[in-house]
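Contents: one structure, followed by commentary.
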Amino acid sequence: MSIDFFLFFLFSSFALVSSLLVISLKNAVHSVLFLILVFCNVAGLLLLFGAEFLSFMLLIVYVGAIAVLFLFVVMMLNIKATWVTISPFSVLPIGVLIFLIIFSQLLSIATNFDIFNLQQHDLIWISWILEKDNTTNIKVVGKVLYTHFSLLFLLSSLILLVAMIGAIVLTMHQRIDVQKQKIDIQLARNFDGAVKFITLRK
913 MSIDFFLFFL FSSFALVSSL LVISLKNAVH SVLFLILVFC NVAGLLLLFG
963 AEFLSFMLLI VYVGAIAVLF LFVVMMLNIK ATWVTISPFS VLPIGVLIFL
1013 IIFSQLLSIA TNFDIFNLQQ HDLIWISWIL EKDNTTNIKV VGKVLYTHFS
1063 LLFLLSSLIL LVAMIGAIVL TMHQRIDVQK QKIDIQLARN FDGAVKFITL
1113 RK
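If you count the sequence shown from 1, you need to add 912 to reach my numbering.
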């Protein structure tokens, strides 16, 4: 077995086990952590298939932004584990239906494509390690994005900047009923009458 097959089975098995743990664990923080692990394994699979741009975008967008945002939100909300008694027979029909759909898809894939007998098919396996000196799709997308579509890229970044500033302005509402310090008035006051000595009668 080559290194490509080994990495394929390694990433796919880790992704399958992690996805099962995401839906089976009761702790929300642990589920989000295993969801991040699923995204990392899928990014590894995409990297093996030669889709470097999709792999890195999955790591940057989903792992670096969305999953970490989920993790922070879950940790800030401090969700307590609630024990709800649900009868397994109430969700059994839905589980059987989903299992039959997934099993039928896997069965159709297994009958049309035998991954353990690839010599019978006219497939040519090209290792991505040997193509490290070639032009990758990330370079191609970068050249097209920053040359032909540079104006659209700048306009989209400007729209995102305006949306971010608008969200900040909308959340910074001024309250009238709150007393605030006025530094200029405090600094401009007369310090001669600031302190008074009072003699109390005995």
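We put the CB at the ideal spot given by N, CA and C, even for glycine. Treat the numbers as computed from the prediction; the structure is a model and nothing was measured.
Bounds of the alpha helix (DSSP H) holding N953 are A940 to L960.
Boundaries of the alpha helix (DSSP H) around S936: I915 to S936. Around the beta carbon of A1075, fewer than 16 other beta carbons lie within 10 angstroms, which makes this residue exposed. Nearest Cα to V954 within the set L971, V944 and N939: L971. DSSP places Y1058 inside the alpha helix (DSSP H), whose first and last residues are N1049 to T1059.
In chain order, T1048, N1049 and I1050 place their CB closer than 7 Å to the CB of E964, counting only its own chain and leaving out the 5 sequence neighbours on each side.
Here F1109 is exposed. Its C-beta has fewer than 16 other C-beta atoms within 10 Å. L966: member of the alpha helix (DSSP H) spanning E964 to M969, first to last residue.
Inter-residue distance for S931 and H942 is about 12 Å (C-alpha atoms, whole angstroms).
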